[in-house]
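In this text, residue positions in the sequence shown follow the numbering used here: the first is 1, and each later residue adds one. Using N, Cα and C, we set each Cβ at its ideal position, and we do this for glycine too.
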Amino acid sequence: MIRRLAFGIAGSAAVLLAGTGRAAAQQGPEGGPAAANYWLYVAAESEDEVALIRFGPDGAEVARAIPVGSFPTDIDGPHGIAIHPDGSRWYVSIAHGMPYGEVVAYSTGTDERLGRVTAGLFPATMAVDPAGLLFVANFNLHGDHVPGTISVIETESMRELTQIETCTMPHGARLGPDGDHLYSACMMDDLLVEIDGRTLSVSRRFDLGPGREGILHATGGDAHAGHAMDDAGARCSPTWVEVAPAGDLAYVACNRNAEVLELDLASGSVLRRFATGKGPYNLAVSPDGTRLVVTYKGDQATGIFDLDTGGATVVGNTRRIPHGAVISPDSRYAFVSLEGVGGEPGTVDVIDLSSAQVVASVEMGKQAGGIGFWKMER
Numbered sequence: 001m002i003r004r005l006a007f008g009i010a011g012s013a014a015v016l017l018a019g020t021g022r023a024a025a026q027q028g029p030e031g032g033p034a035a036a037n038y039w040l041y042v043a044a045e046s047e048d049e050v051a052l053i054r055f056g057p058d059g060a061e062v063a064r065a066i067p068v069g070s071f072p073t074d075i076d077g078p079h080g081i082a083i084h085p086d087g088s089r090w091y092v093s094i095a096h097g098m099p100y101g102e103v104v105a106y107s108t109g110t111d112e113r114l115g116r117v118t119a120g121l122f123p124a125t126m127a128v129d130p131a132g133l134l135f136v137a138n139f140n141l142h143g144d145h146v147p148g149t150i151s152v153i154e155t156e157s158m159r160e161l162t163q164i165e166t167c168t169m170p171h172g173a174r175l176g177p178d179g180d181h182l183y184s185a186c187m188m189d190d191l192l193v194e195i196d197g198r199t200l201s202v203s204r205r206f207d208l209g210p211g212r213e214g215i216l217h218a219t220g221g222d223a224h225a226g227h228a229m230d231d232a233g234a235r236c237s238p239t240w241v242e243v244a245p246a247g248d249l250a251y252v253a254c255n256r257n258a259e260v261l262e263l264d265l266a267s268g269s270v271l272r273r274f275a276t277g278k279g280p281y282n283l284a285v286s287p288d289g290t291r292l293v294v295t296y297k298g299d300q301a302t303g304i305f306d307l308d309t310g311g312a313t314v315v316g317n318t319r320r321i322p323h324g325a326v327i328s329p330d331s332r333y334a335f336v337s338l339e340g341v342g343g344e345p346g347t348v349d350v351i352d353l354s355s356a357q358v359v360a361s362v363e364m365g366k367q368a369g370g371i372g373f374w375k376m377e378r
């Protein structure tokens with residue numbers, strides 16, 4: 001039995017039912033139920049498990065908690081989640097290792113472990129292209145500030161093909177809609193790096209430093225890009241990138257100066273700047289291209305931007321430290337992972353994008369982080 005916490009339209013707690021776990025009852029934009037069941041996988045970084053979460057007409061629940069990790073006596077730190085394009089597999093990046101981290105593949109639904117492969121230092125965000133190549137940003141959070149890499153993994157054999165050197169602290173790796181190019185933000189070099197998925201090499205670098213924005217190199221060039229980041233100077237410190245459904249624009253979260261840049265990928269120019277709350281961290285663009293969702297890691301809130309007007313709505317989250325965000329294929333709901341603080345459980349909030357309300361919330365393992373959307377069932 002599942003314990004559910006019923007919420008009114010404003011998101012305030014009303015009724016607590018008996019059982020185990022915790023979830024919130026759901027309401028649609030007009031107070032009606034969800035039109036489908038939505039399934040997603042969410043990593044609990046301080047629990048060494050991944051939660052399979054279902055959200056539907058009767059609310060949200062943790063359908064199953066899947067243990068992950070290789071060292072039973074230590075916290076291995078599952079960080080990123082990626083879903084195979086055909087929905088048959090999910091992948092989790094395990095941040096800690098001896099000395100390197102790893103990526104583990106599981107079948108969706110049965111959650112059977114299928115294989116693993118060693119990656120680089122602190123593998124984090126991942127993306128899978130239509131051909132089945134998995135790109136993993138080796139974030140190297142605890143190492144020296146030296147150029148990091150993107151691991152390229154062939155998912156059928158779970159074999160690393162190569163590591164592409166990019167920049168310092170690569171993060172937020174995301175594919176364009178055609179799957180031909182990967183984009184990764186570089187926290188300590190103020191760069192956005194483009195990787196050609198056919199040649200598996202760096203094709204362009206975009207400078208994101210305030211006042212310097214533009215294409216820096218038409219070809220590979222120096223991984224440091226000639227910019228030493230001075231903490232006293234103007235900084236973007238990009239943590240995430242999302243590509244618009246049309247493939248012409250990229251949105252980059254500048255964590256340091258609290259804004260999101262809208263970049264024209266052809267010219268590298270900044271078209272718009274969206275002011276955000278403290279510490280914009282992860283982004284999601286709705287499949288219909290109308291909304292941008294931004295998690296504010298420095299606030300207990302998530303921003304929703306109307307990409308037609310540029311207007312913003314701020315939604316308060318149910319727990320501190322919002323982390324990841326994904327949007328359902330019907331562009332109706334955003335799912336936001338919340339890390340929590342100390343001994344607090346991790347949480348996933350479900351936000352109705354039409355009403356800008358948290359309409360469901362479910363607790364899971366500690367430090368909810370990486371999040372991937374699996375499927376929608378009508």
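Requested in this report: Measure the CB-CB distance between Gly289 and Ala246 and report whether it falls below 8 angstroms.
Outcome: Residue numbering aside, residue 289 sits at position 289 when the sequence shown is read from its first letter. Residue numbering aside, residue 246 sits at position 246 when the sequence shown is read from its first letter. Yes, they are a contact pair.
Report task. Under 7 angstroms Cβ to Cβ from Gly28, same chain only, skipping five residues before and after it: list those, please. Result -> As a first step, residue 28 is located in the sequence shown; it is residue number 28 there, counting from the start. With a pLDDT of 46 at Gly28, under the threshold of 50, the modelled position of that residue is not reliable, and the figure given next carries that caveat. Excluding residues within five positions, the ones whose Cβ falls inside 7 angstroms are Ala34 and Asp352.
**Report entry** Cβ pair Met376, Val42 closer than 8 angstroms
**Finding:** Taking the sequence shown and counting its residues from 1, the one referred to as residue 376 is at position 376. Taking the sequence shown and counting its residues from 1, the one referred to as residue 42 is at position 42. Contact flag unset, no.
Query raised in the report: Among the residues of its own chain, which have a CB less than 7 angstroms from the CB of Glu45, if the five just before and after it don't count?
Result: Numbered from its first residue, the sequence shown carries residue 45 at position 45. Cβ within range, chain order: Gly77, Pro78, His79, Gln367 and Gly369.
**Report entry** Within 8 angstroms, strictly: CB atoms of Glu154 and Gly132
**Finding:** Within the sequence shown, numbered from 1, the residue matching residue 154 stands at position 154. Within the sequence shown, numbered from 1, the residue matching residue 132 stands at position 132. Their beta carbons are under 8 angstroms apart, which means Glu154 touches Gly132 by this criterion.
Query - Reference Leu261, options Arg212, Gly69, Ile164 and Thr166, closest by Cα - result: In the sequence shown, counting from the first residue as 1, residue 261 sits at position 261. Closest by alpha carbon: Arg212.
Query raised in the report: Looking only at C-alpha atoms, which of Leu40, Asp48 and Ala36 sits nearest to Pro345?
Result: Stepping through the sequence shown from its first residue, residue 345 is reached at position 345. Pro345 has its Cα closest to that of Asp48, out of Leu40, Asp48 and Ala36.
Query - For Val336, three-class secondary structure by DSSP - result: As a working note, residue 336 is residue 336 in the sequence shown. In this structure, Val336 counts as strand in the three-state DSSP scheme.
Query raised in the report: What residue ranges within the stretch 60–106 form continuous beta strand (DSSP E) runs of no fewer than 3 residues, ordered along the chain?
Result: 78–83 and 89–94
Query raised in the report: Are Met158 and Val92 close, meaning C-beta to C-beta below 8 angstroms?
Result: Your numbering for residue 158 matches position 158 in the sequence shown. Your numbering for residue 92 matches position 92 in the sequence shown. Cβ atoms of Met158 and Val92: not closer than 8 angstroms.
Query raised in the report: Just curious, the beta strand (DSSP E) that Gln300 is in, first and last residue?
Result: Here residue 300 corresponds to residue number 300 of the sequence shown, with the count starting at 1. That residue, Gln300, is in no beta strand (DSSP E); it is neither H nor E in DSSP.
Query raised in the report: If you run the structure through DSSP and keep just helix, strand and coil, what is Ala360?
Result: Position 360 of the sequence shown, counted from the start, is the residue given in the question as residue 360. It is a strand residue.
Report task. Take His84 and list the residues in its own chain whose beta-carbon comes closer than 6 angstroms to its own, dropping the five residues that flank it on each side. Result -> Within the sequence shown, numbered from 1, the residue matching residue 84 stands at position 84. Val128, listed in sequence order.
Query raised in the report: In or out: Ser361 buried (at least 16 other Cβ within 10 Å) or exposed?
Result: Locating residue 361 in the sequence shown gives position 361, where the first residue counts as 1. Under this definition Ser361 is a buried residue.
Query - Enclosing beta strand (DSSP E) for Ser201 [first to last residue] - result: Counted from its first residue, the sequence shown places residue 201 at position 201. Where Ser201 is concerned, the enclosing beta strand (DSSP E) stretches over Ser201 to Asp207.
**Report entry** Beta-carbon proximity check, Ala137 vs Pro170, cutoff 8 angstroms
**Finding:** Counting from one through the sequence shown, the residue named residue 137 turns up at place 137. Counting from one through the sequence shown, the residue named residue 170 turns up at place 170. In contact: Ala137 and Pro170 (Cβ atoms closer than 8 angstroms).
Query raised in the report: How about Val315 and Ala356: do their beta carbons lie closer than 8 angstroms?
Result: As a position in the sequence shown, residue 315 is number 315, starting the count at 1. As a position in the sequence shown, residue 356 is number 356, starting the count at 1. Result yes, Cβ atoms of Val315 and Ala356 sit closer than 8 angstroms.
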